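Asker:
Chains as they are written, first to last, in our numbering: chain B, 1 to 144; chain X, 1 to 144; chain U, 1 to 73; chain P, 1 to 73.
Okay, structure coming up:
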């Protein structure tokens with residue numbers, strides 16, 4: 001798991017992960033690259049990450065992938081990420097395509113739902129919590 | 001659509017496609033990279049492609065993607081592709097992740113089933129048609 | 001006259017024949033013993049467009065392609 | 001004493017309190033008016049492990065984290 005301050009160097013990450021698994025005999029490599037869209041007059045999105053729980057979440061996914069003979073990787077940005085640059089890259093490597101296609105879908109969707117990362121719109125230099133696009137994590141409301 | 005003699009330069013293709021769509025305001029970019037696995041004592045796989053029908057197949061997918069606000073791209077190798085090098089890269093760009101995740105799955109699966117490409121194992125320098133791993137295209141048996 | 005070509009691993013030289021529909025092509029190809037293992041798993045294109053109807057009419061100069069099972073990727 | 005910390009956009013300083021279960025923490029946090037809009041949509045971690053049971057026992061030095069709705073990617 002890799003965390004960066006500001007936008008990701010997507011080509012470097014893609015190429016390094018490719019090289020890391022070049023001799024691992026995986027037949028399918030599927031990255032997912034998330035890029036900040038220009039919409040709603042934002043200058044950037046900004047992210048807070050709570051790393052200890054993100055690391056546990058990611059470790060559990062590594063175990064799930066391993067049980068399928070696969071590998072997962074991820075990189076995410078902290079702080080401000082300008083429009084048209086990338087905040088998120090994740091990837092699956094697996095021997096066969098079916099496992100890879102299903103795993104990247106499940107991995108990305110669970111990431112959106114349960115990775116402890118908070119998103120803010122940046123407008124006129126101000127951070128505004130993206131509440132309408134955020135999802136309560138599994139188990140929310142316990143203390144209410 | 002890009003066809004190459006021999007293995008693909010995966011990093012070049014990934015990076016160029018990223019650059020091509022850098023200002024297109026897509027939020028999700030999902031490439032699929034297919035790499036030749038070392039198995040069954042092969043030295044390489046080898047591919048024949050019938051380009052006119054492949055181009056039509058790809059053009060139809062570009063239309064399907066466009067209807068979803070998305071873009072598809074693909075590159076494939078002709079001839080011999082040694083073990084641990086890549087024969088196939090396809091990709092989807094779309095504004096949102098759900099469309100991208102579903103489209104890359106459908107695009108890759110239909111490619112496997114209906115792209116006019118024939119695969120051969122290369123052993124001791126000889127090409128052997130990979131009949132057991134090949135799929136009759138939609139509509140097969142018409143003349144039987 | 002139309003032309004029939006055999007793609008990928010079939011490895012058979014193109015054939016020319018008189019045929020007014022794809023059904024005529026089927027009849028003629030079934031006479032070729034080396035195609036007996038192929039025809040039931042091959043798809044068909046007419047002038048590079050996939051076709052799926054034996055009554056498809058053919059005209060002079062048409063090109064029929066026989067496509068065996070595929071495995072790209 | 002245990003410590004309660006508020007992650008991401010909640011923007012509230014950590015609190016220390018006496019509590020023997022998570023139910024005690026819930027009771028105490030419901031007294032904080034600035035949390036009223038948050039508690040029903042927040043998840044909870046104990047020492048960085050997600051928890052989902054109000055009867056979870058706490059011990060001196062434990063750290064409880066309150067996690068508001070997320071949106072990575």
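Where is the CB? At the ideal position from N, CA and C, for every residue including glycine.
Predicted model only: the values in this text are computed from it and were never measured.
For residue 27(U), which three-state DSSP category applies?
Answerer: helix
Asker: In terms of residues, what are the limits of the beta strand (DSSP E) holding residue 66(B)?
Answerer: Premise fails: residue 66(B) lies in the alpha helix (DSSP H), 51 to 67, not in any beta strand (DSSP E).
Asker: Which residue wins for smallest C-alpha separation from residue 74(B), given the options 126(B), 60(B), 137(B) and 43(B)?
Answerer: 60(B)
Asker: Compare the Cα-Cα distances from residue 123(X) to each of 81(X), 25(X), 142(X) and 112(X) and report the closest residue.
Answerer: 81(X)
Asker: Take the Cβ of residue 30(P) as the centre, count every other Cβ of all protein chains shown within 10 Å, and call the residue buried at 16 or more, exposed below.
Answerer: Its Cβ having fewer than 16 others within 10 Å, residue 30(P) is exposed.
Asker: Mind checking residue 35(X): buried by the 16 CB within 10 Å criterion, or exposed?
Answerer: buried
Asker: For the segment 110 to 130 of chain B, which residues have a beta carbon sitting closer than 8 Å to at least one beta carbon of chain P?
Answerer: 111, 112, 113, 114, 115, 116, 117, 118, 119, 120, 129 and 130
Asker: My output table needs one value for residue 13(B): the three-state DSSP class, helix, strand or coil.
Answerer: helix
Asker: Going along the chain, which residues of the segment 69 to 89 of chain X sit with their C-beta nearer than 8 Å to a C-beta in chain U?
Answerer: Residues passing the 8 Å Cβ filter: 76, 87 and 88.
Asker: I'd like the list of long-range same chain contacts for residue 12(U), defined as Cβ closer than 8 Å, with 5 residues on each side in sequence excluded.
Answerer: Cβ within range, chain order: 6, 32, 34 and 35.
Asker: Could you tell me how far apart the beta carbons of residue 99(B) and residue 32(B) are, in whole angstroms, since I believe they sit closer than 8 Å?
Answerer: With a Cβ gap of about 15 Å, residue 99(B) and residue 32(B) do not count as contacting.
Asker: Interface residues of chain B around residue 27(X) at Cβ under 7 Å?
Answerer: 34, 35 and 37
Asker: List, in order along the chain, the chain P residues whose C-beta lies closer than 7 Å to that of residue 4(B)?
Answerer: Ordered by position in chain P, no residue passes the 7 Å Cβ test against residue 4(B), which lies about 14 Å from the chain.
Asker: Determine the contact status of residue 51(X) and residue 3(X), defining contact as a CB-CB distance below 8 Å.
Answerer: yes
Asker: If I'm right that residue 4(U) touches residue 117(X) with Cβ under 8 Å, what's the distance once you round it to whole angstroms?
Answerer: About 21 Å; that fails the 8 Å criterion.
Asker: Check whether chain X comes within 8 Å of residue 65(B), counting only Cβ atoms and requiring the distance to be less than that.
Answerer: No, its Cβ sits nowhere closer than 8 Å to a Cβ of chain X.
Asker: Which bits of chain B does residue 101(X) rub up against, with CB to CB less than 9 Å?
Answerer: 32, 101, 104, 105, 108 and 109
Asker: Report yes if the CB atom of residue 44(P) is closer than 8 Å to the CB atom of residue 54(B), and no otherwise.
Answerer: no
Asker: Starting from the C-beta of residue 130(B), find all residues in its chain whose C-beta is less than 7 Å away, skip the five residues before and the five after it, and write them out in chain order.
Answerer: 119, 120 and 121
Asker: Please say whether residue 29(X) and residue 70(X) have beta carbons closer to each other than 8 Å?
Answerer: no
Asker: In the DSSP assignment, what residue or residues form a beta bridge with residue 93(X)?
Answerer: 29(X) and 71(X)
Asker: Here's the rule: buried if 16 or more other CB atoms are within 10 angstroms of the residue's CB, otherwise exposed. What is residue 1(U)?
Answerer: exposed
Asker: Rounded to the nearest angstrom, how far is the Cβ of residue 73(P) from that of residue 88(B), given a contact under 8 Å?
Answerer: 5 Å
Asker: Using a C-beta to C-beta distance shorter than 8 Å, which residues of chain U count as neighbours of residue 15(X)?
Answerer: Within chain U, no residue has its CB atom less than 8 Å from the CB of residue 15(X), the nearest being about 21 Å off.
Asker: Let me see if you follow: with CB-CB separation under 8 Å, is residue 97(X) close to chain B or not?
Answerer: Interface residue, yes.
Asker: Nearest to residue 96(X) by alpha carbon, out of 97(B), 96(B) and 112(B)?
Answerer: Nearest option by C-alpha distance: 112(B).
Asker: Pop quiz: residue 68(U) and residue 42(U) are said to be a contact at Cβ under 8 Å. What is the actual Cβ separation, rounded to whole angstroms?
Answerer: That belief holds up - the Cβ atoms of residue 68(U) and residue 42(U) are roughly 5 Å apart, short of 8 Å.
Asker: Just the chain B side, please: which residues come within less than 8 Å of residue 43(X) by C-beta, in chain order?
Answerer: What residue 43(X) touches in chain B: nothing, since even the nearest Cβ is about 15 Å away.
Asker: I need the boundaries of the beta strand (DSSP E) containing residue 45(P), first residue and last residue.
Answerer: 43 to 46
Asker: Just to check my reading of the structure: residue 103(B) and residue 65(B) have Cβ atoms closer than 8 Å, yes? What is that Cβ distance to the nearest angstrom?
Answerer: 6 Å
Asker: So, does the CB of residue 22(B) fall closer than 8 Å to a CB anywhere in chain X?
Answerer: Answer yes: the Cβ-Cβ gap between residue 22(B) and chain X drops below 8 Å somewhere.
Asker: When DSSP labels each residue in this structure, what does residue 37(X) get in the three-state scheme?
Answerer: coil
Asker: According to DSSP, simplified to helix, strand and coil, what is residue 42(X)?
Answerer: coil
Asker: Indicate whether at least one CB of chain B lies closer than 8 Å to the CB of residue 49(P).
Answerer: At a cut-off of 8 Å, the C-beta of residue 49(P) has a neighbouring C-beta in chain B.
Asker: State the DSSP-derived secondary structure class of residue 19(X), mapped to helix, strand or coil.
Answerer: helix
Asker: Using the three-state DSSP reduction, which class does residue 109(X) fall into: helix, strand or coil?
Answerer: helix
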